[in-house]
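With the sequence shown counted from 1, adding 101 to any position gets you the numbering used here. Quick reminder that beta carbons are idealized off the backbone N, C-alpha and C, glycines included. Comments concern the structure below.
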Amino acid sequence: MEQNKNTARLLGAALLVLGGVLGYAAGSAKTEKPAAAAKPAAAETAQAETAAASTPIVQTAKVAAEGTGVVVTNAADWAEKFPNEYTTYMMNDENSEVHSYLELHPYLNTLYEGYGFAIQYGSARGHTYVVEDVQATGRPHKMANCYTCKTSNMTARVLNDGDSAYSMNFEDLSAEITDPFGCFHCHENEPGVLTVTHKYLYNALADDFDSVDPATLSCGQCHSEYHFAPDTKATTLAYTGLDTMNPDDMLNFYNTGFDEPFYDWIEEDTGVKKLKVQHPEFETFLGEGSPHAGMLTCADCHMGKTKAEDGTTFTDHYWTSPLDNQELLDSSCAACHKNLAAEVEAVHERINGRTDELGERLAALDDKLAETVAAGTLGEEELEQVRDDFRSAQWYWDFVFVENGDGAHNEKLATKCLDSAESYMEKIEEVLNR
Ligand code: HEC
Ligand code: HEC
Ligand code: HEC
Ligand code: HEC
């Protein structure tokens with residue numbers, strides 16, 4: 102199987118380059134906003150060379166209709182009609198490894214103290230494991246909203262019943278599951294057509310929705326930073342259009358967009374109203390400084406085009422690291438990257454190294470703040486300011502820590518966030534080290 106796949110990848114390589122080039126032409130033709138992200142000079146050249154040869158295609162994603170009583174067709178029921186996509190989809194079972202973040206980064210126990218993520222926090226693995234993993238977290242689940250990014254049955258529930266589905270009992274929804282991850286999230290019941298079924302993404306992008314490529318929206322449905330709205334418990338994103346889809350405006354929204362600042366939990370010993378960031382791949386990849394926004398889609402790097410034994414070209418549904426796809430690297434990325442593996446390793450080292458360093462430093466400050474609170478040595482006003490600065494420091498730090506690209510999606514933005522975290526930490530240190 103692996104060998105067939107590799108041969109197939111070689112054959113599909115040429116197509117990938119073509120796909121990338123067309124994708125870029127389409128992206129630049131329709132995107133005003135994402136184009137704000139810096140475009141690499143080499144990409145400009147690539148575009149100039151192909152612009153004449155290709156007619157720009159404007160692609161916009163379909164949005165699922167609501168209240169239609171739609172019933173999910175399970176992934177397994179598509180196996181016969183779409184054997185290549187189904188077989189590669191099932192290969193996600195091979196991505197089964199999990200490691201404990203809490204063991205790898207012990208300082209997390211301090212930073213997430215009092216919240217579910219300090220009980221159990223495993224790394225991500227293949228899409229086929231989502232339901233199993235959410236049920237086994239050991240973290241408390243009150244409501245079905247935890248299933249938002251896990252099972253198609255939840256997605257269909259929300260489409261059919263609206264926001265009330267989010268506050269259903271977790272166990273009641275568990276009993277309805279027939280399709281653990283499925284095709285429905287991305288295709289509804291029309292495999293091949295990219296449909297946005299998670300309406301909160303559509304709502305959050307507002308007028309900019311059509312300017313984002315469907316093969317990026319498809320992933321942004323789940324690989325994005327969300328919160329549960331205090332009133333409805335509905336899964337919601339913290340922005341209204343691409344202009345406010347950045348860490349600064351999102352934090353500002355959490356600070357000022359509600360009757361009182363939004364928080365995920367209050368840490369008991371410090372009194373800090375903490376926010377937990379979650380996997381902001383979408384916001385990071387499309388954010389300011391991204392070298393590939395408007396040029397490549399999530400699928401271009403994480404799903405390749407490949408060829409089946411019978412010669413059919415199809416999209417590989419095994420979601421992996423681009424570094425595990427040598428043919429993709431050679432054919433598509435090599436035009437601009439001589440040794441991408443080494444480049445990625447270097448980015449990871451820079452970003453992860455600094456993230457760990459700042460995480461340790463923030464955890465030490467967390468302990469120190471707890472001591473200060475217990476000692477009662479700070480005036481209420483000053484204490485409130487330190488708490489607020491701590492909330493900001495942890496927000497910016499977590500925005501990088503939980504982003505699964507570890508710097509590879511947008512090193513500039515990751516660096517900017519770490520700079521912000523550090524400057525808040527310096528401010529806190531000034532007060533606590535007096
Ligand atoms: C996470 C999103 C996602 C899920 C889940 C998903 N697909 Fe896809 N699918 C895509 C993307 C992205 C493409 C590429 C579309 C493009 O290039 O325009 C695609 C393309 C396809 C195509 C068009 C032909 C091809 O291979 O390019 C078919 C058919 C298809 N998928 C079937 C399925 C089936 C069957 C399942 C479930 C077993 C499934 N997909 C699950 C995202 C998804
Ligand atoms: C319905 C929600 C959903 C959609 C849509 C989705 N993902 Fe995911 N993805 C997840 C979840 C949840 C996990 C973690 C699964 C686990 O650990 O149990 C995950 C895991 C992954 C992983 C494995 C991560 C690892 O560390 O091994 C990759 C790669 C990935 N997704 C890429 C994509 C891409 C690319 C797209 C779009 C084509 C996409 N995903 C669309 C929810 C989604
Ligand atoms: C230009 C190529 C590129 C694009 C576009 C891209 N990624 Fe990635 N992504 C990477 C690289 C490189 C890594 C790091 C892989 C590694 O360390 O092996 C990565 C890592 C990940 C991971 C962690 C999985 C793993 O195996 O490490 C997830 C999940 C992910 N990306 C999702 C997304 C989503 C969602 C999007 C779109 C919003 C996206 N990516 C866009 C290149 C890309
Ligand atoms: C048209 C040129 C071009 C192509 C094609 C291209 N890249 Fe890049 N990529 C760039 C530029 C420019 C940068 C910015 C880094 C730099 O300054 O060296 C970059 C940076 C990156 C980074 C580091 C992230 C960051 O923020 O600096 C990763 C990871 C990456 N590319 C992955 C890929 C992958 C995977 C592919 C193939 C699917 C690919 N690239 C194709 C131009 C390109």
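Legend entry - Sequence-distant residues of its chain with Cβ nearer than 6 Å to T63 (five each side left out): Absent from the structure is residue 63, since the part of the chain shown begins at 102 and ends at 535.
Legend entry - Whether P292 touches E186 by CB criterion (8 Å): Here residue 292 refers to the residue found at position 191 of the sequence shown. Here residue 186 refers to the residue found at position 85 of the sequence shown. Closer than 8 Å, so yes.
Inset, instruction - Work out the CA separation of R488 and G480 for me, nearest whole Å. - result: For the purposes of this step, residue 480 is identified with residue 379 of the sequence shown, where counting begins at 1. For the purposes of this step, residue 488 is identified with residue 387 of the sequence shown, where counting begins at 1. For G480 and R488, the distance between alpha carbons rounds to 12 Å.
Legend entry - heavy atom of ligand 2 below 7 Å from R226 C-beta: By one-based count along the sequence shown, residue 226 stands at place 125. Yes; taking the cut-off as 7 Å, the Cβ of R226 has a heavy atom of ligand 2 nearer than that.
Inset, instruction - Could you say if the region 302 to 317 and the region 218 to 236 meet the contact criterion of at least three C-beta pairs nearer than 8 Å? - result: no
Legend entry - Three or more C-beta pairs below 8 Å linking the region 171 to 181 and the region 328 to 343: no
Inset, instruction - Can you tell me which of the three DSSP states F386 falls into? - result: Translated into positions along the sequence shown, residue 386 becomes position 285. Helix.
Legend entry - Residue range of the unbroken beta strand (DSSP E) whose run includes L338: Within the sequence shown, residue 338 is the residue found at index 237, counting from 1. 336 to 338 is the span of the beta strand (DSSP E), which, as asked, contains L338.
Inset, instruction - Name the one or two DSSP bridge partners that F329 has. - result: Position 228 of the sequence shown holds residue 329. In DSSP, F329 forms a bridge with T336.
Legend entry - Extent of the continuous alpha helix (DSSP H) run through K513: For the purposes of this step, residue 513 is identified with residue 412 of the sequence shown, where counting begins at 1. Start and end: 512 to 533.
Inset, instruction - Verify the contact flag: T416, CB atom, against every heavy atom of ligand 1, threshold strictly below 7 Å. - result: Sequence index remark: in the sequence shown, residue 416 carries index 315 (1-based). Result yes, Cβ under 7 Å from ligand 1.
Legend entry - Counterpart residues of K439 in DSSP-defined beta bridges: To locate residue 439, count along the sequence shown from 1; it is residue 338. None, per the DSSP bridge assignment.
Inset, instruction - Verify whether the separation of the beta carbon atoms of S253 and V173 is less than 8 Å. - result: Looking up residue 253 in the sequence shown gives position 152. Looking up residue 173 in the sequence shown gives position 72. In this structure, V173 lies closer than 8 Å to S253 by Cβ.
Inset, instruction - Determine the direct distance from the alpha carbon of K243 to that of Y497, and round the result to whole angstroms. - result: The count along the sequence shown starts at 1 and reaches residue 497 at position 396. The count along the sequence shown starts at 1 and reaches residue 243 at position 142. So the two alpha carbons sit approximately 27 Å from each other.
Inset, instruction - Count the other CB atoms, across all protein chains shown, that sit within 10 Å of the CB of T478; report buried if there are 16 or more and exposed otherwise. - result: Within the sequence shown, numbered from 1, the residue matching residue 478 stands at position 377. Burial call: exposed.
Legend entry - Those residues which DSSP pairs with E373 across a bridge: Residue 373 sits at position 272 when you count from the first residue of the sequence shown. According to the sequence shown, residue 373 is Val rather than Glu. Paired residues: none, contrary to the question.
Inset, instruction - Determine, using beta-carbon pairs with one atom in the region 346 to 353 and one in the region 494 to 510, whether at least three such pairs fall under 8 Å. - result: yes
Inset, instruction - Report yes if the C-beta distance between V503 and Q322 is below 8 Å; otherwise report no. - result: In the sequence shown, counting from the first residue as 1, residue 503 sits at position 402. In the sequence shown, counting from the first residue as 1, residue 322 sits at position 221. No, these two residues do not count as a Cβ contact at 8 Å.
Inset, instruction - Would you identify the three-state DSSP class for V171, choosing helix, strand or coil? - result: Sequence index remark: in the sequence shown, residue 171 carries index 70 (1-based). Correct three-state label for V171: coil.
Legend entry - Boundaries of the alpha helix (DSSP H) in which F415 is found, first to last residue: Locating residue 415 in the sequence shown gives position 314, where the first residue counts as 1. Note, F415: premise wrong, no alpha helix (DSSP H); beta strand (DSSP E) at 414 to 416.
Legend entry - Three-way DSSP call (helix, strand, coil) for G321 in this model: Working through the sequence shown from its first residue, we reach residue 321 at position 220. It is helical.
Inset, instruction - Would you kindly check if the distance between the Cβ of T385 and the Cβ of L514 is under 8 Å? - result: Taking the first residue of the sequence shown as 1, we reach residue 514 at position 413. Taking the first residue of the sequence shown as 1, we reach residue 385 at position 284. Yes. Within cutoff.
Legend entry - At least 3 beta-carbon pairs within less than 8 Å: the region 361 to 368 vs the region 405 to 416: no
Legend entry - Distance cut-off 7 Å: H286 Cβ against heavy atoms of ligand 2: By one-based count along the sequence shown, residue 286 stands at place 185. Flag set: Cβ of H286 near ligand 2.
Inset, instruction - Could you tell me whether the region 452 to 463 touches the region 192 to 209, where touching means 3 or more Cβ pairs closer than 8 Å? - result: yes
Legend entry - Unbroken alpha helix (DSSP H) run spanning K251, endpoints: For the purposes of this step, residue 251 is taken as the residue at position 150 of the sequence shown. Taken as a continuous stretch (DSSP letters only), K251 belongs to no alpha helix (DSSP H), as it is neither H nor E.
Legend entry - Whole-angstrom distance between S265 and A276, CA atom to CA atom: To locate residue 276, count along the sequence shown from 1; it is residue 175. To locate residue 265, count along the sequence shown from 1; it is residue 164. Whole-angstrom Cα-Cα distance: 17 Å.
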